[in-house]
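Sequence order for the protein chains is P and S. Taking the working numbering, I'd label the letters of the first sequence as residues 400 to 747. Taking the working numbering, I'd label the letters of the second sequence as residues 2 to 513. Glycine is no exception: its CB is placed at the ideal position from the N, C-alpha and C atoms. This report concerns only the one structure given below.
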Amino acid sequence: MPPASQRVDLAAVRALAPPLLAVLLAFGVTGILIVAAGKNPLLAYWSLAHGAFGSWDRIAVGLNRATPYALTGVGIALCFRARVINIGGEGQLALGGLAATWVALHMVPAPRPIATLCALGGGVLAGAAWAGLAAGIRLKRGVHEVLATLLLNFVGLLIVSEVLQGDLGEPGSGFPQSPLLPAASWLGRLVRGTDLHVGVLIALAAVAVGHVALWRTPFGFRLRILGASAPAAAYAGISPARALMSVMLLSGGLAGLAGAIEVLGVHYRLIDGFAHGFGFNAVAIALLGGLNPLAVLPAGLFFGFLETGAVAMQRAVGVPTPLVAVIQGLTMVFVLSAMGLTAGRRRV
Amino acid sequence: MLRMLGITKSYGSVRANRGIDLVVPPRTILGLLGENGSGKTTLMNVLFGLVRPDAGTITFKERPLADHTPREALAAGIGMIHQHFMLVPAMTVTENVMLGWDAAGRWLRPAAVAEHIRTASHRYGLDLEPDARVGALPLGGQQRVEIVKAILRGAELLILDEPTSNLSPPEVSGLLDVLRRLRDEGRSVIFISHKLGEVLAVCDEVVVLRDGAVAGRARAADTDRAKLARMMVDRDVSAPIAREEGAAGAERLVVADLVASDATGVERLGGVSFSVRSGEVLAVAGVDGNGQAELVDVIAGLRRPTRGHVFVDGADVTARGVTGRRQAGLAHIPADRHTTGLVGDMTVSENLAFRDCDGPPFRRGPWLDFGAMRVAATERIARFGIRAGGPDVAARTLSGGNQQKLVLARELTRRPGVLVAAQPTRGLDPGATRFVIDEVLAVRASGGAVLYVSTELEEALVVADRIAVMYRGRFAGVMRRDAVDITRLGLMMAGALSESPDAAALYGRKAR
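Structure follows, in structure tokens:
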């Protein structure tokens with residue numbers, strides 16, 4: 400028998416091979432589409448790579464972009480592990496941003512870390528509350544959480560629009576956005592001269608905490624049993640209601656945190672539609688990462704860099720940005736198909 | 002009639018069939034015996050065209066049968082009746098017989114088919130009414146619908162896979178009569194079973210498989226249970242079961258007037274009271290579906306009763322959940338080890354721990370101690386003789402018997418005061434069954450109280466100090482071990498007899 404470390408390495412390689420192959424396939428198929436559009440795919444991909452990694456600044460933008468993906472993706476991965484289908488990341492993230500904005504604008508002046516922490520905390524609470532509302536509707540009224548979270552997305556996004564038209568809007572800006580937040584509430588920069596903000600570290604920490612919670616604590620064990628077999632969970636004395644509520648609160652809190660970081664670290668104000676696409680892409684990222692918190696990180700980075708590179712690709716070669724959505728979609732299809740092939744070997 | 006020679010089939014490195022010869026003469030009932038994994042299923046799948054053998058030939062009615070599909074097997078005259086019936090409950094007997102039957106013609110002629118059913122029913126003693134709705138028939142009746150389907154489709158060789166597992170004793174003897182009449186009318190039957198008594202009662206010849214090869218064959222008249230059992234397992238499982246007779250002690254499990262309904266609101270448990278004492282096994286017999294599952298679920302804390310109480314060692318646990326009852330000393334072996342008792346995709350060590358994660362040794366502060374789980378698993382694998390590739394393999398890779406050993410290892414290591422075991426030997430071969438019974442009796446010997454639910458009367462009689470029969474959510478009767486009357490038990494299981502048991506039988510007090 401080979402030594403333990405070598406066996407682990409082999410297992411890791413086997414786990415990583417399908418998603419990497421899927422990504423390559425997706426790029427290949429999209430390349431054909433680029434050729435069909437009359438452009439040079441190699442040039443297009445070179446400019447994509449250049450746009451994503453061409454300078455420290457570009458890398459910082461990509462990392463910033465991946466941050467809300469990783470945060471929200473970890474929460475959704477934990478939900479899906481327990482077969483709790485939370486697709487309300489969009490709304491939870493939007494309300495997290497809204498709450499952070501409100502706290503930053505209304506709190507008494509405070510020095511930097513305190514103001515930032517209060518605003519972030521507001522985002523966490525709002526996201527958790529929004530997810531908890533969906534969980535409550537599920538538990539008290541029997542409305543399936545898919546429906547409850549999906550519908551609350553619309554409500555959440557419209558609340559943000561509504562508030563920006565009214566109390567929280569910047570007078571005279573002509574665009575639905577809040578005034579610039581006080582600088583004390585901004586997230587600190589990590590590297591001078593780039594946009595890289597501290598939120599990236601928070602996302603890393605969340606990934607680590609998600610991993611430890613899922614694989615090392617009774618809480619994660621309960622989620623995994625519940626997801627593998629509801630009757631076995633009942634037999635183990637697990638309360639499905641309590642598990643549903645707690646994992647939804649956790650996931651909503653992470654999405655709310657992502658929204659707050661997006662506001663406090665990137666825009667410095669609340670902009671209508673800032674949450675657009677994050678919630679649903681996070682579902683894709685959680686699945687892409689095989690519902691493993693650690694694997695959600697590379698999946699989130701992939702989406703983040705792909706999207707920042709896409710803008711450069713469009714500018715340089717004239718390939719329309721929607722083709723990036725095609726790459727994302729194809730990667731998903733290929734990865735999930737590959738997982739279907741190896742489903743029997745996955746660890747629950 | 003049927004001649005299978007040198008049938009060989011491997012799945013990877015597992016050799017499921019190793020050169021099996023099986024010959025079924027005309028007008029014969031052949032018993033096919035063997036433990037789980039001995040190759041019975043593979044052999045029958047080869048015969049029915051579901052699996053292609055690596056080597057070997059099949060001749061049926063002097064004609065070779067090779068590379069055939071199940072459809073061709075049917076057309077040639079081989080009929081298979083599975084353990085789980087392939088019937089549409091909402092349709093009548095006639096409609097079920099016509100379903101998927103080409104010979105019924107392009108236009109449906111229910112009257113003509115009904116006439117065929119009546120004729121066959123009369124000839125073989127099937128007692129079937131063509132216009133009856135299948136869902137309203139008892140399981141024995143549904144099985145006879147399957148038989149009439151096969152006969153009308155021209156089956157001259159019928160294969161019955163574990164046909165008696167869901168039947169009450171009177172239904173079993175009815176089925177055996179039907180099989181004898183089929184034989185007398187010139188057909189042959191392959192009777193696959195674990196139950197030696199039934200095989201000896203009805204079969205002309207017996208073939209025993211072990212590890213994918215024929216371990217022995219005999220004429221039923223020339224053999225007996227002990228010989229067959231030895232051929233099956235190659236170790237003595239017929240040795241008398243060690244059972245010390247001791248006086249029962251204090252009441253450990255008390256159930257008072259339990260009433261419960263199923264998910265649709267239908268009452269499945271209609272007021273059951275009894276107690277089980279220290280050092281005692283109360284077996285609950287009865288045909289499946291008479292409220293045994295609900296009784297077990299209510300006692301285990303998986304279902305809320307609408308009325309009544311459950312006491313463990315004097316403490317009222319009715320309001321407690323699963324965890325609270327486990328802490329009170331209640332262990333539970335659930336009937337369905339695949340979805341409830343185990344999580345197939347999790348490892349052996351996780352499965353051995355998943356009911357005990359609320360405290361040491363598996364939980365330390367906020368962490369699960371996977372190292373401790375693995376150590377405990379290795380120890381239990383050795384102590385219970387679980388054949389597994391180690392603590393880190395998925396539980397689903399284990400055989401049925403070893404999976405049940407996992408459940409036992411988890412529940413019994415806790416040294417429970419009360420054990421509720423629901424059909425703990427279902428689907429297990431004699432070797433594993435014996436293991437389970439020995440472990441259950443060990444709990445009894447160490448002063449535990451055991452509630453043992455089984456649909457196998459024979460097995461219930463082996464373990465029980467007292468035996469109760471459940472019928473339609475109530476106890477139709479309770480008998481002490483020394484006063485068992487098999488005929489009366491059979492009548493109770495069929496619902497033909499109900500007697501209100503006296504307190505001594507219900508609560509296990511010594512009769513004076």
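| query | Under a CB-based cut-off of 7 Å, is residue 358 of chain S close to chain P? | reply | Here residue 358 of chain S corresponds to residue number 357 of the second sequence, with the count starting at 1. Closer than 7 Å: yes.
| How long is the line joining the alpha carbons of residue 189 of chain S and residue 218 of chain S, rounded to whole angstroms? | Taking the first residue of the second sequence as 1, we reach residue 189 of chain S at position 188. Taking the first residue of the second sequence as 1, we reach residue 218 of chain S at position 217. So the alpha carbons of these two residues sit roughly 17 Å apart.
| message | Just to confirm before moving on: does the CB-CB distance between residue 289 of chain S and residue 418 of chain S stay below 7 Å? | response | Here residue 289 of chain S is taken as the residue at index 288 of the second sequence, counted from 1. Here residue 418 of chain S is taken as the residue at index 417 of the second sequence, counted from 1. For residue 289 of chain S and residue 418 of chain S, no; Cβs fall outside 7 Å.
| query | Is any beta-carbon of chain S found at less than 7 Å from that of residue 636 of chain P? | reply | Within the first sequence, residue 636 of chain P is the residue found at index 237, counting from 1. By this cut-off, residue 636 of chain P is an interface position.
| Those residues which DSSP pairs with residue 669 of chain P across a bridge | Translated into the one-based positions of the first sequence, residue 669 of chain P becomes position 270. Per DSSP, none; premise fails for residue 669 of chain P.
| task | Return yes when the Cβ of residue 674 of chain P is within less than 7 Å of the Cβ of residue 489 of chain P, no when it is not. | result | By one-based count along the first sequence, residue 489 of chain P stands at place 90. By one-based count along the first sequence, residue 674 of chain P stands at place 275. Taking 7 Å as the Cβ cut-off, residue 489 of chain P and residue 674 of chain P qualify as a contacting pair.
| query | Counting only runs that start and end within the region 327-351 of chain S, where is the alpha helix (DSSP H) found for 4 or more residues in a row? | reply | none
| task | Indicate the three-state DSSP secondary structure (helix, strand or coil) for residue 117 of chain S in the structure shown. | result | Position 116 of the second sequence holds residue 117 of chain S. Helix.
| message | Counting only C-beta atoms, is residue 393 of chain S closer than 7 Å to chain P at any point? | response | Here residue 393 of chain S is taken as the residue at index 392 of the second sequence, counted from 1. No, residue 393 of chain S lies away from the interface with chain P (no Cβ there is under 7 Å from its Cβ).
| message | If you measure between the beta carbons of residue 651 of chain P and residue 552 of chain P, is that distance less than 7 Å? | response | In the first sequence, residue 651 of chain P corresponds to position 252, counting from 1. In the first sequence, residue 552 of chain P corresponds to position 153, counting from 1. Their beta carbons are not under 7 Å apart, which means residue 651 of chain P does not touch residue 552 of chain P by this criterion.
| message | Is the separation between the beta-carbon of residue 633 of chain P and that of residue 624 of chain P shorter than 7 Å? | response | In the first sequence, counting from the first residue as 1, residue 633 of chain P sits at position 234. In the first sequence, counting from the first residue as 1, residue 624 of chain P sits at position 225. No, the pair does not count as a contact, with Cβ atoms beyond the cut-off.
| request: For my contact list, residue 291 of chain S and residue 472 of chain S are in at a C-beta cut-off of 8 Å; report their separation, rounded to the angstrom. | output: Start at 1 with the first residue of the second sequence, and residue 291 of chain S comes out as number 290. Start at 1 with the first residue of the second sequence, and residue 472 of chain S comes out as number 471. About 5 Å; that satisfies the 8 Å criterion.
| Count the other CB atoms within 10 Å of the CB of residue 252 of chain S; is the residue buried (16 or more) or exposed (fewer)? | Reading the second sequence from its first residue, position 251 is the one you call residue 252 of chain S. The residue in question, residue 252 of chain S, is buried, as its Cβ has 16 or more Cβ neighbours within 10 Å.
| field | Neighbourhood of residue 90 of chain S by C-beta, 6 Å cutoff - its chain only, sequence neighbours within 5 removed | value | The residue you call residue 90 of chain S lines up with position 89 of the second sequence. The answer, listed in chain order, is 135, 136.
| message | Assuming contact is defined by CB atoms lying nearer than 7 Å, are residue 5 of chain S and residue 82 of chain S in contact in what I supplied? | response | Position 4 of the second sequence holds residue 5 of chain S. Position 81 of the second sequence holds residue 82 of chain S. In this structure, residue 82 of chain S does not lie closer than 7 Å to residue 5 of chain S by Cβ.
| said: Tell me which residue opens and which closes the beta strand (DSSP E) that residue 220 of chain S is part of. | reply: For this step, residue 220 of chain S is matched to residue 219 along the second sequence. Looking at the DSSP string, the run of the beta strand (DSSP E) that includes residue 220 of chain S is 214-220.
| task | Can you pull the chain S residues whose beta carbon is under 8 Å from the beta carbon of residue 620 of chain P, in chain order? | result | On the first sequence, position 221 is the one that residue 620 of chain P refers to. Within 8 Å Cβ-Cβ: 351, 355, 358, 369.
| said: Just to confirm my understanding: we take residue 498 of chain P, look at its own chain, exclude 5 residues before and 5 after, and list those with CB closer than 6 Å. What are they? | reply: Translated into the one-based positions of the first sequence, residue 498 of chain P becomes position 99. Only 521, 522, 525 meet the Cβ criterion.
| message | Beta carbons nearer than 7 Å to chain S: which residues of the region 601-625 of chain P have them? | response | 615, 616, 617, 620, 624
| query | Does DSSP classify residue 368 of chain S as helix, strand or coil? | reply | Here residue 368 of chain S corresponds to residue number 367 of the second sequence, with the count starting at 1. Residue state, collapsed to three classes: strand.
| field | residue 507 of chain S versus residue 479 of chain S - alpha carbon distance | value | In the second sequence, the residue the question calls residue 507 of chain S occupies position 506. In the second sequence, the residue the question calls residue 479 of chain S occupies position 478. The straight-line gap from Cα to Cα measures roughly 7 Å.
| field | Beta carbon proximity, residue 1 of chain S to chain P, threshold 7 Å | value | Outside the displayed range of chain S (2 to 513) lies residue 1 of chain S, so it cannot be described from this structure.
| Is there a Cβ from chain S that is less than 7 Å from the Cβ of residue 731 of chain P? | As a working mapping, residue 731 of chain P is identified with position 332 in the first sequence. Cβ-Cβ to chain S under 7 Å: no for residue 731 of chain P.
| query | Quick one: is residue 631 of chain P near chain S, going by C-beta distance under 7 Å? | reply | Mapped onto the first sequence, residue 631 of chain P falls at position 232. Yes, because at least one Cβ of chain S sits closer than 7 Å to the Cβ of residue 631 of chain P.
| task | Jot down the residue ranges of each uninterrupted alpha helix (DSSP H) in the region 94-172 of chain S, minimum 4 residues, whole runs only, in chain order. | result | 94-99, 111-125, 140-153
| For the region 123-134 of chain S against the region 168-183 of chain S, are there 3 or more C-beta pairs whose distance is under 8 Å? | yes
| query | Hey, out of S/75, S/498, S/266, whose CA is closest to residue 49 of chain S's CA? | reply | Translated into the one-based positions of the second sequence, residue 49 of chain S becomes position 48. The residue with the shortest Cα to Cα distance from residue 49 of chain S is S/75.
| task | Run down chain S in chain order and give the residues with a C-beta less than 9 Å from the C-beta of residue 627 of chain P. | result | Counting from one through the first sequence, the residue named residue 627 of chain P turns up at place 228. Under the 9 Å cutoff, chain S gives 344, 345, 346, 347.
| request: Could you round the C-beta distance between residue 310 of chain S and residue 319 of chain S to whole angstroms and report it? I think they count as a contact, below 8 Å. | output: Sequence index remark: in the second sequence, residue 310 of chain S carries index 309 (1-based). Sequence index remark: in the second sequence, residue 319 of chain S carries index 318 (1-based). Contact flag correct, Cβ pair sits at about 5 Å.
| Considering only C-alpha positions, which residue in the set P/434, P/621, P/419 is nearest to residue 722 of chain P? | Locating residue 722 of chain P in the first sequence gives position 323, counting from the first residue. Residue 722 of chain P has its Cα closest to that of P/434, out of P/434, P/621, P/419.
| field | Between the CA atoms of residue 736 of chain P and residue 416 of chain P - distance to the nearest angstrom | value | Here residue 416 of chain P refers to the residue found at position 17 when the first sequence is read from its first residue. Here residue 736 of chain P refers to the residue found at position 337 when the first sequence is read from its first residue. The alpha-carbon atoms of residue 416 of chain P and residue 736 of chain P are separated by roughly 13 Å.
| said: At the 7 Å Cβ level, is residue 398 of chain S part of the contact set with chain P, yes or no? | reply: For the purposes of this step, residue 398 of chain S is taken as the residue at position 397 of the second sequence. Output row for residue 398 of chain S: interface = no.
| said: Let me make sure I understand the geometry here. Which of S/364, S/398, S/274, S/379 has the alpha-carbon closest to that of residue 300 of chain S? | reply: Here residue 300 of chain S corresponds to residue number 299 of the second sequence, with the count starting at 1. Among S/364, S/398, S/274, S/379, the Cα nearest to that of residue 300 of chain S is on S/274.
| task | Using only alpha-carbon positions, find the residue among P/681, P/686, P/705 that is nearest to residue 491 of chain P. | result | Translated into positions along the first sequence, residue 491 of chain P becomes position 92. Minimum Cα distance to residue 491 of chain P is reached at P/681.
| said: Please tell me whether residue 361 of chain S has its Cβ less than 7 Å away from any Cβ of chain P. | reply: Position 360 of the second sequence holds residue 361 of chain S. So, not an interface residue.
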